[in-house]
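Asker: Before I ask anything, let me first share the structure, which is written out below as C-alpha cells.
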Amino acid sequence: METYSLLRVIGQGSFGRAVLVRCKSSEEKYVLKEIQLPKNQSKMENSRREAVLLSGMKHPNIVAFREAFEADDLLCIVMEYCSGGDLLQRIRQQKTAQFCVDDILRWFAQMCAGAKHIHDKRVLHRDLKSKNIFLTDNGTIKLGDFGSACILNSSKAYARTYVGTPYYVAPEIWDNKPYNNKSDVWSLGCVLYELCTLRHPFQASSWKSLILKVCRGAYPPLPNHLPYELQYLVKHMFKTNPKDRPSLHTILTSHRVSKLLRSHFPSQVMESEAQGSRTGRWNREEGKEVARLLGEKSLIKTSTFEGREASEGHCESTEPGKRKQWATEPSDTVLQVLANASLASSDSAASTGHTLAGSSRGSVSEDPEGSRQRRQWDRDPPERLLSLLEKAQLSRAFSTFLINKGGVDLLVGPLSEQQGDDTDGPEAEVATDEDRLEPRSDDEDTDFEEESQCDWIDEVGKMFAEHSSRNDCGHKLLLS
Ligand SMILES: Nc1ncnc2c1ncn2[C@@H]1O[C@H](COP(=O)(O)OP(=O)(O)OP(=O)(O)O)[C@@H](O)[C@H]1O
1 METYSLLRVI GQGSFGRAVL VRCKSSEEKY VLKEIQLPKN QSKMENSRRE AVLLSGMKHP
61 NIVAFREAFE ADDLLCIVME YCSGGDLLQR IRQQKTAQFC VDDILRWFAQ MCAGAKHIHD
121 KRVLHRDLKS KNIFLTDNGT IKLGDFGSAC ILNSSKAYAR TYVGTPYYVA PEIWDNKPYN
181 NKSDVWSLGC VLYELCTLRH PFQASSWKSL ILKVCRGAYP PLPNHLPYEL QYLVKHMFKT
241 NPKDRPSLHT ILTSHRVSKL LRSHFPSQVM ESEAQGSRTG RWNREEGKEV ARLLGEKSLI
301 KTSTFEGREA SEGHCESTEP GKRKQWATEP SDTVLQVLAN ASLASSDSAA STGHTLAGSS
361 RGSVSEDPEG SRQRRQWDRD PPERLLSLLE KAQLSRAFST FLINKGGVDL LVGPLSEQQG
421 DDTDGPEAEV ATDEDRLEPR SDDEDTDFEE ESQCDWIDEV GKMFAEHSSR NDCGHKLLLS
C-alpha cells in the first residue's frame, strides 16, 4: 500500500470496499478494490478469481488491470479508474431525457467489443449489467467487475453453475438449462434496452412476474423513433432460446446492425478489433505471460485446473448428449413453484443497481438424465427458496446471493438476511458453495462460434502443473 495514497472511498461492494488511490510515483489515479480474504483456503482461492481473470484481459473496453497484492487479510486489486462512473448512474442522471441514438450505438458497440474479447478467451462475464459497465472521462466504455466471471474450458462446453443478477439473467438460467456466451448476450440486451428507454426491459411487481416475463421474453417494444436495426437487434438478443440469439461476433460482423455499430466504433477499438481478428484468442506468448503472472505469484490454487471450480471461476464442460427440445415457456416445475408463491412486491424494479449472484437451479429438466436434479429437489424442494423470496423485496433481485440446490442453505445472501430499507450495502454477502458442482446431464453445446482450442488455458494449465509444487507457502501474491 505504500505505493499508493488513499484519496477517498468510492463504494462498498459485497466483498469489501473500493477506494480511489493515487500512485505516489506516477500521480495516476487508480481504483483499489479491497477484498476480505476468507480464512478457508478453498474460499480464498475463489476470492482471487477476479484478479486472475481481470489480469488476463487487455482491451480498450475492459477496465485495465494494474496489479494485485495481498496485505494482511485483504486482497487488493488495483485497476484503472473510470472517472465517468457507471452506466446505471449515467442512466439515472438522464431522468426522462432519452439518450441520442449515436451515444447508444457508440456505447453499445464498445460493450460488444469488450464482451467479445472476454468470450474470445473462453471466459463468461456472467454479471453484465449497467452497474458493472463504466465510463472514462472521455466517454469510453469499460466493462468491469469480474468477480462473477468464469472460464469455459472447452469449445463444446456450457457452464453448470451460474452467477448473475436476476434482472439481467437469461431465461435458460431460471429454466435450469445450459448456458454459455449467449447468456451474456441476453444481459447485454438488457443494458441496450436500458440505454434505449431508461427503463429495465422486464419491469415487474413480484419475483414471480419478473421470472415469468424473463422466461417468456416479454418486454414492452422499443419506441418507434429508434432505428429499425436496433429494434431488430433487441428482438434477437431477447430470444428465449439461446441458440436463436446472435453471438457478439455475429452482432459485430454479420448482423443487420453490424454496419451501424461499426460506424460508431472509436478508432482505438477498430484497431484493437483488427488486431484481435489477426491474432484470434490469446496467443501463446500472451498465454505464457498470464501463466507467468499466475504461476509465479502464488495464484496457482485459484485455478480451476486442480479440479474444483465451476462456481469458482471455471465452468466445466460436459459431454454432449441427446439434444433436448427448447421450451418457449418456463418449465412446469418453475411455474408450479411460482404459482404457489406469494411474493412480496417491489418498490421499484429499476430503482436500485445491484448485483445478484445465483446458481439458478430452481427448476428441473424433463429428460431422464435430469433425474439427478429431480431427486435433489425432491429431497429439498424449492419451497424454502420461495419462503425466502416471499419475504424479499423485488429490489433484492439486484442484489448478490447464491442459490444452493442441494445444500442446507438453499439460498444464501441478502434474501436470507434481515430485510432493511437499504438496497445496497455491505450486508449483501456472497457465499460460495462447493456442493453445487455435481455433474449435469444437459446437452446444449455452446454457441461459441469457433472450434479452436483455447491455447492460453492450456498454457496456464501447464504452468500450474509446473509451479504448483513450489507455491504452497505463498501467502502474498503480486500480479502486475
Ligand atoms: N474501475 C472503477 N472505476 C470507477 N468506479 C469503480 C470502479 N470499480 C468499481 N467502481 C465503483 O466502486 C463501487 C464498488 O464496486 P465493487 O465492484 O467493489 O462492488 P459493487 O459492484 O458495488 O458490488 P458487488 O460486489 O456486488 O459487485 C461501485 O460503486 C462501483 O461503481
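If you're matching positions, the sequence shown starts at 1 in full-length UniProt numbering and goes up one per residue.
The C-beta atom is built at its ideal place from N, Cα and C for all residues, glycine as well.
None of the values given here were measured: they were computed from a predicted structure.
1) Quick check on residue 109: buried or exposed, where buried means 16 or more other Cβ atoms within 10 Å of its Cβ?
2) Find the nearest neighbour of residue 3 within the set 12, 66, 127, 47, judged by alpha-carbon distance.
3) From the DSSP output, read off the bridge partner residues of residue 19.
4) For residue 132, which option in 213, 5, 61, 228 has the closest C-alpha, if you only look at C-alpha atoms?
5) Could you work out which residue in 130, 137, 152, 99 is closest to residue 145 when comparing CA atoms only?
6) Kindly list the residues whose CB is nearer than 6 angstroms to the CB of residue 76, restricted to its own chain and excluding five residues on each side of it in sequence; keep chain order.
7) Which one of 102, 257, 147, 222 has the shortest CA to CA distance from residue 123?
8) Ends of the alpha helix (DSSP H) at residue 116?
9) Can you look up residue 204 in the DSSP assignment and give me helix, strand or coil?
10) Taking residue 186 as the reference, which of 87, 245, 84, 55 has the closest Cα?
11) Closer than 8 angstroms to a non-hydrogen atom of ligand 1 - does that hold for the CB of residue 114?
12) Between which two residues does the alpha helix (DSSP H) carrying residue 182 extend?
13) Considering only heavy atoms of ligand 1, does any lie closer than 8 angstroms to the CB of residue 488?
14) Per DSSP, residue 143 is paired with what?
15) Tell me the rounded alpha-carbon separation between residue 236 and residue 176.
16) Examine the Cβ distances between the stretch 90-105 and the stretch 34-46 and report whether three or more of them are shorter than 8 angstroms.
17) Do you know how far the Cα of residue 256 is from the Cα of residue 217?
18) Distance check for residue 37 and residue 262, CA to CA, integer angstroms please.
19) Could you name the residues of the same chain whose beta carbon sits closer than 8 angstroms to that of residue 222, not counting the 5 residues immediately before and after it, in chain order?
Answerer: From the atom records:
1) With 16 or more Cβ atoms within 10 Å of its Cβ, residue 109 is classed as buried.
2) Looking at the Cα atoms, 66 is the closest of the given residues.
3) Its beta-bridge partners are 9, 32.
4) Across the set 213, 5, 61, 228, the C-alpha of 61 shows the shortest separation from the C-alpha of residue 132.
5) Nearest option by C-alpha distance: 130.
6) Apart from the 5 residues on each side of it in sequence, residue 76 sits with its Cβ closer than 6 angstroms to the Cβ of 32, 34, 69 in its chain, given in chain order.
7) Nearest C-alpha to residue 123: 147.
8) Element bounds for residue 116: 101-120.
9) If DSSP states are grouped into helix, strand and coil, residue 204 belongs with coil.
10) Ranking the options by Cα distance to residue 186, first place goes to 245.
11) Checking the Cβ of residue 114 against ligand 1 gives no.
12) Taken as a continuous stretch (DSSP letters only), the alpha helix (DSSP H) holding residue 182 covers 181-197.
13) Only positions 1 to 480 of the chain appear in the structure, and residue 488 is not among them; the question remains open.
14) As a beta-bridge residue in DSSP terms, residue 143 pairs with 62, 133.
15) One C-alpha to the other measures close to 21 angstroms.
16) In this structure the stretch 90-105 does not lie against the stretch 34-46, because fewer than three pairs of beta carbons, one per stretch, are closer than 8 angstroms.
17) Residue 217 and residue 256 have their alpha carbons spaced roughly 21 angstroms apart.
18) Those two C-alpha atoms are separated by around 42 angstroms.
19) Cβ within range, chain order: 193, 196, 197, 230, 231, 234.
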